[in-house]
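Numbering (the working numbering), first residue to last: 867 to 1188.
Every residue gets a Cβ at the ideal spot worked out from N, C-alpha and C, and that includes glycine.
Following: one structure in structure tokens, then a few remarks.
Quick look at the structure:
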């Protein structure tokens, strides 16, 4: 084999081998930065392996590499199955369908000045619950008319800076306002009544994994949220930009510790960020629920002025109301 052919093969297969490494990192919790970040690009790794396999097929001497390439594609796909496979649920024709409610969540972006477009988004979503993170005071004032149907609100953040906010047109339950404490990024909490039953809503925004020192902060934030959820006696709907992907070991550990379920299960991948680089988009904005809540639909919507897409979920409470 000529040196030129050797280099062509290396150039073709080196990215695929790196994709395997990146996928392996996604299985390991608590890795230091930047190894932890590399595990988030799971879908991109699967695409890279599949494309490499396609290029290898026509060249006989490269076909021996198909086994590990296709194995990588299979491993990648299996990790995504819970989100893309519709759940199997038993349906009783005798039972009345429970009421369905809607919740809208968006990382609005602190520099966003497109209040008219965000107001249209709120009105078109027609959600019972609206939650924002990175909401600045100027944007909140500009959204006054669009938010007027929401009689109840809870805001947590630094005064004059961006906040985590929940708005509700559902009545507030007793002890309806609270906070998940954190010295940097406390989360907003509101307890509302859904068919006479209390429901705890959390709006969260975890630190991004852009610096090594943020990893310890993110671990603390996850632990605080998980402990808060575990302490609740009501159903919980957590809406948030968690800066985590649903296949990452750290995220899966958080689900186990909190008892929450991924609202994307059976609904699709729905990447949300960064909208400025579609090939690299990741599903980092979430609607997570306790087992006594069923997600009926999960969609994303464009949000002009933000680098995130909004998420809109329809949900119902399991069991009978009181």
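- Relative to residue 1057, the option among 1046, 1050 and 1051 whose CA is nearest is 1046.
- Per DSSP, the continuous alpha helix (DSSP H) segment holding residue 911 begins and ends at 908-922.
- When the alpha-carbon of residue 1020 is set against those of 1077, 1036 and 963, the nearest one is in 1036.
- Each of 984, 1139 and 1121 was checked against the Cα of residue 1171, and the nearest Cα belongs to 984.
- Collapsing the DSSP output to three states places residue 974 in coil.
- The region 967-1028 contains, as complete alpha helix (DSSP H) runs of 4+ residues, the segments 981-991, 1003-1008 and 1010-1013 (chain order).
- Cβ neighbours of residue 1012 within its own chain (closer than 7 angstroms, five residues either side excluded): 985, 988 and 989.
- The DSSP-derived three-state label of residue 1178 is strand.
- Between the C-alpha atoms of residue 1052 and residue 1131 there is a straight-line separation of about 27 angstroms.
- Per DSSP, residue 894 is not a residue of any beta strand (DSSP E), being assigned neither H nor E.
- Here residue 1183 is not near residue 1107, since their CB atoms are 9 angstroms or more apart.
- Secondary structure remark: continuous beta strand (DSSP E) runs of at least 3 residues inside the region 1054-1119, in chain order: 1063-1071 and 1102-1107.
- Taking the CA atoms as reference points, residue 1054 sits about 49 angstroms from residue 933.
- Fewer than three beta-carbon pairs drawn from the region 1121-1130 and the region 923-930 are found closer than 8 angstroms, and the two stretches are therefore not classed as touching.
- For residue 1096, the CB contacts under 8 angstroms within the same chain, skipping 5 residues up- and downstream, are 1123, 1124 and 1125 in chain order.
- Here residue 963 is exposed. Its C-beta has fewer than 16 other C-beta atoms within 10 Å.
- Excluding sequence positions up to five before and after residue 1112, its CB lies within less than 7 angstroms of the CB of 949, 1128, 1130 and 1149, all in the same chain and listed in chain order.
- Taking residue 1080 as the centre and dropping the five residues before and after it, the same chain places the C-beta of 899, 1073 and 1074 closer than 8 angstroms to its C-beta, in chain order.
- In this structure, residue 1174 lies near residue 1151, with their beta-carbon atoms less than 9 angstroms apart.
- Here residue 982 is exposed. Its C-beta has fewer than 16 other C-beta atoms within 10 Å.
- For residue 1039, the enclosing beta strand (DSSP E) covers residues 1038-1046.
- The Cβ-Cβ distance between residue 997 and residue 1089 does not fall below 9 angstroms.
- Between residue 1104 and residue 1029, the C-beta spacing is not below 9 angstroms.
- Residue pairing by DSSP leaves residue 933 without any beta bridge partner.
- A direct Cα-to-Cα measurement between residue 908 and residue 1040 gives close to 43 angstroms.
- In this structure, the beta-carbon distance from residue 910 to residue 1145 falls below 9 angstroms.
- Taking 9 angstroms as the cut-off, the Cβ atoms of residue 1009 and residue 1038 do not count as close.
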